[in-house]
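Peer 1: For reference, the structure I am asking about is given below.
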Amino acid sequence: MYESLNALNQADLADATRGFIAADSTVQVFDPEGRSIFDQTGYDFISGRAPPSVNPILWRQAKLNRNHGLFKVMDGVYQIRGYDLANLTIIEGHSGWIIVDSLSSKQTTAMALKLARKNLGEKPITGIIFTHSHVDHFGGALGILSAEEAEQRKVPIVAPEGFINEATSENVVAGMVMSRRGDYFMGKPLARSVRGRVDMGLGKEVGLGEIGILKPTLIVNRTPQAMTIDGVQFVFQNVPGSEAPAELTLYLPEKKAFCGGEIINRTLHNIYTLRGAKTRDALVWSRYIDEALQSFGDAEVYFGTHHWPMWGQARIADFLKKQRDTYKYIHDQTLRLANQGLTPLEIADQLTLPATLQTSPSSREYYGTVKHNARAVYNFYFGYFDANPAHLDPLPPTTVSQHYLEFMGGADNVLAKARAHYEKGNYRWVAEVLNHVIFAKPEYQPAKTLLAETYDQLGYQAESAVWRNFYLTGAHELRHGNTQEGTRMNDARQLLAQTPVENFLDAVATHLNGPEAEDVNLIINMTLTDIDENYVLWIENSVLHHRKQAPDPSANATLNLSHALFLDILLSEASVSEILFSDDLSVEGSRIDLLRFFALIDPFDSAFNIIEP
């Protein structure tokens with residue numbers, strides 16, 4: 000398989016390097032505190048043949064993703080690739096630049112645009128297009144231009160319907176869990192090395208700096224939808240509920256150039272992302288690609304929001320067909336096997352792509368995998384339960400692991416048998432049984448050592464960069480413990496400032512300690528004085544509710560504060576007691592009841608354990 004893919008490598012390498020103009024000699028980006036947030040240079044070790052510790056097919060993608068800098072796609076279209084996980088595309092308008100997607104952070108975006116201006120000259124920003132609601136495509140918006148300048152110059156900002164709500168809410172209610180799982184997803188504690196982080200499949204890594212957003216002025220809500228921006232004709236395709244809840248693709252009819260957003264990539268993508276999110280609809284996704292093929296099938300140039308472009312109408316059509324058919328095959332065959340009575344795990348272990356798709360580099364598992372996508376399709380239709388009564392009310396991990404150890408003769412006996420299977424290369428089984436040992440006896444170091452070595456081997460074999468990161472991060476934490484400090488929420492302050500207050504209050508409600516709140520009845524008014532919004536929060540039946548309405552005259556307390564101070568509380572910039580007794584807010588009613596209320600809210604902390612109890 001590797002040799003057949005390697006034969007296609009020359010075409011991909013030619014595409015990935017075509018049109019190169021310039022790159023910075025060192026691509027390292029730092030935040031104002033001097034913290035490294037992106038380091039392309041850290042991957043300089045990626046060259047030559049794959050080492051034994053990296054799957055050769057993943058190594059191939061990692062080498063292709065090393066090509067970075069400013070590239071000319073065609074006359075009037077340029078891309079900056081490899082300065083973040085995603086691409087920043089520049090389309091020349093009549094009087095300035097139209098930007099398609101910022102990068103993840105203000106700092107990486109600013110560095111990318113500095114490279115463009117150095118080589119293409121100084122031009123004003125005359126339009127911005129956000130293809131979808133994932134942060135690596137809009138988070139660096141304020142590195143393009145400020146909200147004040149955008150409003151003053153009336154710069155058109157195009158986004159798909161639902162963009163601002165999805166972009167500002169995706170990581171709020173479930174943000175702590177997503178963030179911690181993201182440590183594993185991105186391999187955050189891993190060194191960039193042949194035994195650590197080598198790639199993300201979609202690109203090198205995410206630029207974890209200052210995140211902001213700009214509000215759209217033009218909404219794409221249908222297909223086709225034509226617009227003219229700074230003299231350039233666009234035709235948009237609205238593709239909601241595909242790779243992102245709000246997403247679009249775009250076509251430049253005068254240039255016969257198609258941008259597929261992130262529904263089309265040079266990798267198998269995720270029907271379900273392992274960092275955690277709602278499962279996506281594989282059938283709808285494949286239909287959107289087919290719609291694009293019908294609508295924009297005369298495209299002679301393709302460029303994406305990740306990876307490198309493609310040229311030639313026949314090549315592009317074949318590429319789109321194989322992307323379409325990859326998702327539809329996984330969808331259809333998962334349901335075929337489910338209808339025969341197979342469970343999600345059985346389907347995942349049995350399902351493989353046909354040879355025509357397996358040998359297509361763009362359908363390989365650099366990011367998503369057939370196995371976890373098949374389980375996602377099953378979950379989309381049937382949920383997590385496989386209908387086996389034994390799985391209806393299972394014991395929690397620690398309890399079941401203690402019973403397994405008792406049945407299997409104790410930790411020493413399990414470890415001895417696990418070593419024998421390790422020597423035979425049965426790594427999946429070794430991981431299964433040693434996980435029980437760790438959850439029953441987390442202090443048992445010999446099991447931790449062997450499980451870490453097992454995860455190393457599984458990671459080294461993984462074609463998916465994300466699977467590799469999960470395995471190797473698990474191994475790292477078994478050896479060194481959980482060293483993560485939690486989420487740096489203040490980096491996202493500019494984004495959170497645009498998030499509806501109701502979304503935050505929904506998140507606060509999920510942190511109410513229900514058992515502690517039993518028999519508690521409290522009513523709190525909250526007035527955000529600078530934006531003139533009033534909310535009533537109350538605890539009833541151990542549930543925290545909120546409504547946007549006039550203050551309740553029977554409230555235990557009324558809290559008057561600015562929106563900025565409200566964010567300070569959420570971002571833990573100061574303790575609740577410090578803020579409540581500061582001069583920056585006023586309290587009417589009982590401060591004691593207000594403190595009782597806040598005492599029932601669990602801290603926002605994402606530094607919990609995953610690999611052990």
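Anchor point for the sequence shown: position 49 equals 48 in numbering that gives the first Met the number 0, and the numbering is continuous, going up by one each time.
Don't be surprised by glycine CBs; every beta carbon is placed ideally from N, CA and C.
Pull up the DSSP beta-bridge partners for Asn520, would you.
Peer 2: According to DSSP, Asn520 bridges with nothing at all.
Peer 1: If Val76 and Lys254 are in contact, beta carbons under 8 Å, what's the gap, nearest whole angstrom?
Peer 2: Right, their Cβ atoms sit about 7 Å apart.
Peer 1: Going by the beta-carbon positions, is the gap between Leu267 and Thr325 smaller than 9 Å?
Peer 2: Yes.
Peer 1: Helix, strand or coil for Tyr42 per DSSP?
Peer 2: Helix at Tyr42.
Peer 1: If contact is defined by three or more beta carbon pairs under 8 Å, each pair taking one atom from either stretch, is the region 458 to 467 in contact with the region 440 to 449?
Peer 2: The region 440 to 449 vs the region 458 to 467: no contact.
Peer 1: Enumerate, from N- to C-terminal direction, the unbroken beta strand (DSSP E) stretches of 3 or more residues contained entirely within the region 377 to 444.
Peer 2: List check, beta strand (DSSP E) in window: nothing returned.
Peer 1: Rounding to the nearest angstrom, what Cα-Cα distance links Ala373 and Ala276 in this structure?
Peer 2: Taking the straight line joining both Cα atoms gives about 16 Å.
Peer 1: Are there 16 or more other CB atoms within 10 angstroms of the CB of Tyr82, so buried, or fewer, so exposed?
Peer 2: Buried, because 16 or more other Cβ atoms sit within 10 Å of the Cβ of Tyr82.
Peer 1: If you draw a straight line from the C-alpha of His306 to the C-alpha of Asn608, how long is it?
Peer 2: So the two alpha carbons sit approximately 34 Å from each other.
Peer 1: Which residues bound the beta strand (DSSP E) around Lys547?
Peer 2: Note, Lys547: beta strand (DSSP E), 542 to 547.
Peer 1: Can you give me the Cβ contacts of Gln497 inside the same chain, cut-off strictly under 6 Å, excluding the 5 residues immediately before and after it?
Peer 2: The answer, listed in chain order, is Thr167, Ile212.
Peer 1: If you measure between the beta carbons of Ile97 and Ala115, is that distance less than 9 Å?
Peer 2: Result no, Cβ atoms of Ile97 and Ala115 do not sit closer than 9 Å.
Peer 1: Could you tell me whether the region 131 to 141 touches the region 201 to 210, using the rule of 3 or more Cβ pairs below 8 Å?
Peer 2: Yes, the region 131 to 141 touches the region 201 to 210.
Peer 1: Short of 7 Å in beta carbon distance, which residues of its chain neighbour Leu566, apart from the five on each side in sequence? Order them along the chain.
Peer 2: Arg492, Leu495, Ala496, listed in sequence order.
Peer 1: Helix or strand or just coil, what does DSSP make of Phe129?
Peer 2: In this structure, Phe129 counts as coil in the three-state DSSP scheme.
Peer 1: I believe Leu641 touches Ser101 by the beta-carbon criterion, under 8 Å. Please report the beta-carbon distance rounded to the nearest angstrom.
Peer 2: Residue coverage of the chain in this structure runs from 0 to 612, which leaves residue 641 outside it and unanswerable.
Peer 1: Would you kindly work out how many angstroms separate the C-alpha atoms of Gly240 and Phe503, rounded to a whole number?
Peer 2: One C-alpha to the other measures close to 23 Å.
Peer 1: What number of angstroms, rounded off, separates the C-alpha of Ala243 from the C-alpha of Lys122?
Peer 2: Rounded to the nearest angstrom, the two C-alpha atoms are 31 Å apart.
Peer 1: So, Leu63 versus Ala15, is the Cβ gap smaller than 9 Å?
Peer 2: It is a contact, given that the beta carbons lie within the stated cut-off.
Peer 1: Let me confirm a value: Leu394 is counted as buried when at least 16 other C-beta atoms fall within 10 Å, else exposed. Which label applies?
Peer 2: When all chains shown are included, Leu394 counts as exposed.
Peer 1: Measuring straight from C-alpha to C-alpha, what distance separates Leu414 and Phe129?
Peer 2: So the two alpha carbons sit approximately 52 Å from each other.
Peer 1: Below 8 Å on the Cβ atoms is my contact criterion, and I expect Leu319 with Thr333 to pass it. Report the Cβ-Cβ distance as a whole number of Å.
Peer 2: Not really, about 22 Å apart at Cβ, beyond 8 Å.
Peer 1: Excluding five sequence neighbours on each side, which residues of the same chain lie with their C-beta closer than 6 Å to the C-beta of Leu282?
Peer 2: Result list for Leu282: His330, in chain order.
Peer 1: Confirm, please, whether the CB-CB distance from Thr216 to Val157 is below 9 Å.
Peer 2: Cβ atoms of Val157 and Thr216: closer than 9 Å.
Peer 1: Output yes or no for whether 9 Å exceeds the beta carbon distance between Ser585 and Gly174.
Peer 2: No, they are not a contact pair.
Peer 1: Determine, using beta carbons only, whether Leu579 and Met525 come nearer to each other than 9 Å.
Peer 2: No, the pair does not count as a contact, with Cβ atoms beyond the cut-off.
Peer 1: Considering only C-alpha positions, which residue in the set Gln60, Pro55, Pro155 is nearest to Gly95?
Peer 2: Selected option, being the one with the closest Cα: Pro155.
Peer 1: Runs of 3 residues minimum, wholly inside the region 136 to 192: which ones carry the beta strand (DSSP E) assignment?
Peer 2: The qualifying runs are 156 to 159.
Peer 1: Rounding to the nearest angstrom, what Cα-Cα distance links Tyr459 and Arg194 in this structure?
Peer 2: If I take the Cα positions, the gap works out to 8 Å.
Peer 1: Can you tell me the Cα-Cα spacing of Ser178 and His133, whole angstroms?
Peer 2: Going from the Cα of Ser178 to the Cα of His133 covers about 14 Å.
Peer 1: Take the Cβ of Ala439 as the centre, count every other Cβ of all protein chains shown within 10 Å, and call the residue buried at 16 or more, exposed below.
Peer 2: Under this definition Ala439 is a buried residue.
Peer 1: Taking one C-beta from the region 368 to 384 and one from the region 288 to 304 each time, how about it: are there three or more such pairs within less than 8 Å?
Peer 2: Counting Cβ pairs under 8 Å, fewer than three are found: no touch.
Peer 1: Starting from Arg59, trace the alpha helix (DSSP H) both ways and give me its first and last residue.
Peer 2: Unbroken alpha helix (DSSP H) run through Arg59: 55 to 63.
Peer 1: Can you name the start and end residues of the beta strand (DSSP E) that Ser285 belongs to?
Peer 2: Unbroken run through Ser285 is the alpha helix (DSSP H), 281 to 294; no beta strand (DSSP E).
Peer 1: Determine, using beta carbons only, whether Asn264 and Pro159 come nearer to each other than 9 Å.
Peer 2: No.
Peer 1: From Gly161 to His136, what does the alpha carbon distance come to, in whole angstroms?
Peer 2: Each residue's Cα considered, the two are about 15 Å apart.
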